[in-house]
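Shown next, in structure tokens, is the structure this report addresses.
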Amino acid sequence: MYLYGLGGLLFIAGIFITIKSGSLNPNKLSHWRWFWTLIFGLVWYMCIHASLNLAGLGLVNFAFILMASVIIVSIFGAYWVMNSKTD
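Going letter by letter, the sequence shown gives residues 0 to 86 in numbering that gives the first Met the number 0.
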């Protein structure tokens, strides 16, 4: 839990610094997409790690359900991003 807590704090601090410095402008669509790409990458990594831990504990069904749901959300998210307007 220490690594997840510290990593999460550093991730949030990095996002906060990026927004405060003006490097990430939430009013621009392309910046908004990159912001959500970073958030999705964090969730994707956490789900892969959790799935492997669950599979290692013998809970393969839960690991499969977790990864299948993340993949389905990824497909719909990618479809939505590709079909939305650009700035």
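No residue lacks a Cβ here, since even glycine has one placed at the ideal position from N, Cα and C.
When secondary structure is reduced to three states using DSSP, Leu51 falls in the helix class. Here the alpha carbons of Leu5 and Met81 stand approximately 33 Å from one another.
A Cβ-Cβ distance of about 19 Å is found for the pair Leu37 and Ile70, leaving them out of contact under the 8 Å criterion. Sequence-distant partners of Pro25 (beyond 5 residues in either direction) whose C-beta falls short of 8 Å from its own C-beta, in its chain, are Ile18, Trp31, Phe34. Under the three-state reduction of DSSP, Ser22 is assigned to coil, being neither helix nor strand.
Secondary structure note for Leu65: its alpha helix (DSSP H) is the uninterrupted segment 59-81. Beta-carbon to beta-carbon, Cys46 and Leu65 are separated by about 6 Å, close enough to satisfy the 8 Å threshold.
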